[in-house]
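Counting from 1, position 578 in the sequence shown corresponds to residue 782 in this note's numbering; the numbering is continuous, with no gaps. In this text, a Cβ means the ideal position worked out from N, Cα and C, and glycines have one as well. Computed from a predicted model, the values in this text were never measured in an experiment. Before any comments, here is the structure.
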Amino acid sequence: MHSLVRTYCLPALILVVLIVSAGCAPPPRGGEPMDDIQKTFDDAGPASVVTGSAPPLPPASIRSALIPATQSLYVPAPESEGPRFDIAATQVPAREFFMSLVEGTRDNMVVHPDVAGEISVDLKSTTVAEVLEVVKNVYGYPYVKSGSIYQVMPVGLQSRTFQVNYLNLVRKGTSHTRVSSGQITQVGTQGSGDDSDGGDSSQRTESVSGSRIETESTADFWSELRSAVESLIGNDGGRKVIVQPQAGVVVVVAMPDELSLVDNYLKTIQGNLQRQVILEAKVIEVSLSDGFQTGINWSALAGNGSTTNALIGQTGGGSLLTQEPAVTAGNRGNLAPGQLLPDGLDALAFGGMFSLALNTDDFQAFIEMLENQGDVQVLSSPRISTVNNQKAVIKVGSDEYFVTDISSDTTTGTSVTNKTDVTLTPFFSGIALDVTPQIDEASRITLHIHPTVSEVIDQTKEINVFGVNQSIPVAYSTVRESDSVVHAESGQLVVIGGLMQDTLDEQEAGVPVLSKIPILGGLFRHTKSVSSKSELVILLRPQVIRSSRDWTDSLQATQQRIKTLSPQMQRSWLKGEQ
205 MHSLVRTYCL PALILVVLIV SAGCAPPPRG GEPMDDIQKT FDDAGPASVV TGSAPPLPPA
265 SIRSALIPAT QSLYVPAPES EGPRFDIAAT QVPAREFFMS LVEGTRDNMV VHPDVAGEIS
325 VDLKSTTVAE VLEVVKNVYG YPYVKSGSIY QVMPVGLQSR TFQVNYLNLV RKGTSHTRVS
385 SGQITQVGTQ GSGDDSDGGD SSQRTESVSG SRIETESTAD FWSELRSAVE SLIGNDGGRK
445 VIVQPQAGVV VVVAMPDELS LVDNYLKTIQ GNLQRQVILE AKVIEVSLSD GFQTGINWSA
505 LAGNGSTTNA LIGQTGGGSL LTQEPAVTAG NRGNLAPGQL LPDGLDALAF GGMFSLALNT
565 DDFQAFIEML ENQGDVQVLS SPRISTVNNQ KAVIKVGSDE YFVTDISSDT TTGTSVTNKT
625 DVTLTPFFSG IALDVTPQID EASRITLHIH PTVSEVIDQT KEINVFGVNQ SIPVAYSTVR
685 ESDSVVHAES GQLVVIGGLM QDTLDEQEAG VPVLSKIPIL GGLFRHTKSV SSKSELVILL
745 RPQVIRSSRD WTDSLQATQQ RIKTLSPQMQ RSWLKGEQ
């Protein structure tokens, strides 16, 4: 009996335990984050671009079956440009001139009946096609070649369709930087008389601005394109310009030489519009050490007596209580210890900040230099690409609403009713950066840079509104921003600094319980005020995209940065799975 129980019950018990264990086991985990990221990079471009490997060839038997016999192949001979000859003509009728060009050749010529005028040329060792092209450019006779037949048309209006690749949109951007010193309310009285109504009074509120910079950009490409082409060809004699932004097509009716001018113009602007740049930025805050309370020592960039070619200057700023923006000053020179500012460097008495352009593309080396002068914290590290003359905006933070206006309306009737209207306005707290690049044909870049680092906190104000005290939360904003225009080469590191801030931290310590006693608690606690100073530094490195290889290099650099962060990401992922 016991043997029977062991024979049948023991395997059944083991099976039940295995089923229960399988049900309690956690579900299989999905792909790890680094595997997903790596797959994204692998799918971003062809494998041959990254690895340099070519696809394998099919077996020899398949290749021999696909290729026909050599004797069955017909290889056409290269098309001959025709015989060369010398030609000299003086005031020859156009019809006779064109018909005589194909005499003794295998080409054919058809001349439109309306072709008129006289032609004078003197060319050596030329062909029929070259003569027709020269005559078209000089005299305006258009021609079309179909096989071995040339068709010459009369001089007159012609239509031509151009393909223009651009987005069908109107893009507007505005950037404001203002230092306001308050508001002034002026009350004026107009009119007079002895009647009981008295005079009319009015008031006006003005904002007194210490310094202000406003930058506006509008990209209305298709309207500007139509105006430019119409200016090139005019609008008389049946000339027309038809623009279809949705299809990216421009149809022009004009004379042949005018059509050539329009063709060159469209090729030039499309080449300029397609220039693209990758903008890599870092917003860094340096908590200055005791030995650098006056600011960062930029001469440490040279190090050990070596020199670094740099462009040093002051950007932004202006004069107090004036509306005119300041003039940007900067000179190229060598940055060396003992000579922080080269000779001849202009500076402004009010406003502005220090700017620097270095011939280096190494962010890490620059940050390590800053770490020798204080604690470095990278607030943001955005990376974005944009095309020529298009504003790129990066915004990281949050919007919080605060009360900015209160109005009250009192209604008198059987009872008095007070109605209060409150206006809420969002205030941004975080980091914002907008950059507009202009790229010339030599890959030199002009940048409009407007970084902003803002922090908004609540502050309660006691305000008396119509005899009633009200506690209103208002916004207390701390803003550090700059607005500047700088020049840089592709791959050059642009540094903007000088945005300093003082912070006062109240630290309190005391005996537990006893320090909280009213009045006498001050005997058992002490308060210490700690002052610290920090400087905001903006690093920006533009990289012009000249070919697909530049995109590949940028992709590989980003992939390498992700791999560097891989261990930390893996630990965070495993911690979240637990």
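- A direct Cα-to-Cα measurement between Pro358 and Glu428 gives close to 32 Å.
- Here DSSP, grouped into helix, strand and coil, assigns Met704 to strand.
- Between the alpha carbons of Val319 and Lys340 lies a gap of roughly 13 Å.
- Around the beta carbon of Gly701, 16 or more other beta carbons lie within 10 angstroms, which makes this residue buried.
- Distance between Arg382 and Ile653, taken at the CA atoms: about 15 Å.
- Excluding the 5 residues flanking it on each side, Met303 has same chain C-beta neighbours closer than 8 Å at Met313, Val315, in chain order.
- In the three-state reduction of the DSSP assignment, Lys595 falls in the coil class, being assigned neither a helical nor a strand state.
- In this structure, Phe606 lies away from Val657, with their beta-carbon atoms at least 7 Å apart.
- Residue state for Arg729 is assigned as strand, using DSSP reduced to three classes.
- With contacts defined as CB atoms closer than 7 Å, Val487 and Ile742 qualify as a contacting pair.
- Contact between Gln474 and Val368 holds: their C-beta atoms lie close to 7 Å from each other, under 8 Å.
- In this chain, Glu645 is not harboured by any alpha helix (DSSP H), its DSSP state being neither H nor E.
- One thing to note: Val466 has its Cβ within 7 Å of the Cβ of Val433.
- Less than 7 Å separates the beta-carbon of Pro630 from that of Asp603.
- Each residue's CA atom was taken as its position, placing Val580 and Ala636 some 19 Å apart.
- Nearest to Glu739 by C-alpha distance, out of Lys376, Pro287, Val490, is Val490.
- Following the DSSP letters along the chain, one finds Ile323 in no alpha helix (DSSP H) but inside the beta strand (DSSP E) bounded by residues 322–330.
- In this structure, Pro746 sits near Leu483, with a CB-CB distance shorter than 7 Å.
- Distance between Pro716 and Ile417, taken at the CA atoms: about 53 Å.
- Counting only runs that start and end inside the region 416–474, the alpha helix (DSSP H) elements of at least 4 residues fall at 425–437.
- Sequence-distant partners of Asn593 (beyond 5 residues in either direction) whose C-beta falls short of 6 Å from its own C-beta, in its chain, are Gln642.
- Selection Ser612, Gly360, Val639 evaluated against Pro586 yields Val639 as nearest (Cα-Cα).
- Residue ranges of uninterrupted alpha helix (DSSP H) with 4 or more members, entirely inside the region 286–372 and ordered along the chain, are 298–305, 332–343.
- Linking Val481 to Ser589 through their CA atoms gives a straight-line distance of about 6 Å.
- Cα atoms of Ser379 and Ile649: separation of roughly 20 Å, rounded to the nearest angstrom.
- Relative to the Cα of Gln295, the nearest Cα in the group Ser324, Phe301, Asp311 belongs to Ser324.
- If you draw a straight line from the Cα of Arg310 to the Cα of Ser352, it comes to about 8 Å.
- Residue burial is scored here from C-beta neighbours: Asp687 has at least 16 other C-beta atoms within 10 angstroms and is therefore classed as buried.
- Annotated as proximal: Leu744 and Ala485, with beta-carbon spacing under 7 Å.
- Collapsing the DSSP output to three states places Ser735 in a strand.
- When beta bridges are read from the DSSP output, Gln480 appears opposite Val591, Ile749.
- Close CB contacts of Glu322 within its chain, under the 7 Å cut and outside five residues either way in sequence, are with Gln295, Val296, Pro297, Ala298 (chain order).
- Val672 places its beta carbon 7 Å or farther from that of Ser633.
- DSSP, reduced to helix, strand and coil, places Asp687 outside both helices and strands of the structure shown, so it counts as coil.
- For Leu651, the closest of Gln696, Arg753, Gly360 by C-alpha to C-alpha distance is Gln696.
- Scanning its chain for C-beta atoms nearer than 8 Å, with the 5 sequence neighbours on each side dropped, one finds around Lys328 the residues Asp290, in chain order.
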